[in-house]
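Since the structure comes first, as structure tokens, the remarks are kept for the end.
Protein chains in written order, with this note's numbering: chain V, 1 to 113; chain P, 114 to 226.
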């Protein structure tokens, strides 16, 4: 167990809908990262938050957004869902940013039908 | 941006043999190179990492080598065991840490008993 908790584990929703994925980092970790893993795109970095502020942005679509709350948990919001958004979404956390190992959660499997 | 290529995509070895997975990266500014192991339906787990100021690192049966000049790094697993069967991902980071990791496309390793 990495100490990073993601909910829900599975999510099935229809196209056009909006969902929220939740991540609780390891105790004491200030950085949270979101990654998307799909069959055709592999593991892709979406966005990083550090102590409540956006720190780095990767291949995140405009339909997606994230935030990190004062208690350091993070949420990834996916809207206007398309079939191609079906993927495993991983959250990872690390104590700080830079030169640190990231610990991945178990992921949320999103299926858009 | 950074581009990480990984080969081979699949690898089968007999138990007890060695396995080698190779990755190349494009951006000479990358300075952190982790390797993750992912079992089916589970989270990526860091197995070893190397930073750009080191040429080789070993942890029991696992070793990683880095050639900064050629911009490639490799994972070596010796005395393979069936439980080593998984998908292995290499990654590179431009920012010296775990944020904004660029992943390779993965290698499915099968260790045949």
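Think of the CB as a built atom: it goes at the ideal place given N, C-alpha and C, for glycine as much as any other residue.
Values in this document were obtained by computation on a predicted structure and should not be read as measured data.
Length of the line joining the Cα atoms of residue 230 of chain P and residue 36 of chain V: Nothing in the structure corresponds to residue 230 of chain P, since chain P is present only between 114 and 226.
Contacts of residue 213 of chain P in chain V (Cβ-Cβ under 7 Å): 45, 48, 56, 58
Terminal residues of the beta strand (DSSP E) in which residue 68 of chain V lies: 64-68
Boundaries (first-last residue) of the beta strand (DSSP E) holding residue 61 of chain V: Run containing residue 61 of chain V: none; DSSP gives neither H nor E here.
Buried/exposed call for residue 213 of chain P, threshold 16 Cβ in 10 Å: buried
Unbroken beta strand (DSSP E) run spanning residue 111 of chain V, endpoints: 108-112
Residue(s) in a DSSP beta bridge with residue 162 of chain P: P/147
Span separating the alpha-carbon of residue 116 of chain P from that of residue 140 of chain P: 7 Å
Residues near residue 8 of chain V by beta carbon distance below 7 Å, same chain, minus five either side: 108
Burial state of residue 153 of chain P, where buried means 16 or more other Cβ atoms lie within 10 Å: It counts as exposed.
Cross-chain neighbours of residue 101 of chain V in chain P, by beta carbon under 8 Å: 147, 159, 162, 211
Which of helix, strand or coil DSSP assigns to residue 72 of chain V: In the three-state scheme derived from DSSP, where H, G and I count as helix and E and B as strand, residue 72 of chain V is classed as coil.
CB of residue 90 of chain V within 8 Å of CB of residue 104 of chain V, strictly: yes
Alpha-carbon spacing of residue 122 of chain P relative to residue 218 of chain P, whole angstroms: 7 Å
Proximal residues, the stretch 69-95 of chain V versus chain P, C-beta separation under 8 Å: Cβ contacts with chain P come from 90, 92, 94.
Nearest-angstrom Cα separation, counted from residue 67 of chain V out to residue 204 of chain P: In a straight line, the C-alpha of residue 204 of chain P is about 25 Å away from that of residue 67 of chain V.
Minimum Cβ-Cβ distance from residue 71 of chain P to chain V less than 8 Å: Chain P is shown only over 114 to 226; residue 71 of chain P falls outside these bounds and no answer can be derived.
Chain-ordered neighbours of residue 218 of chain P on chain A, where CB pairs are closer than 8 Å: Protein chains in the displayed structure are V and P, and chain A is not among them.
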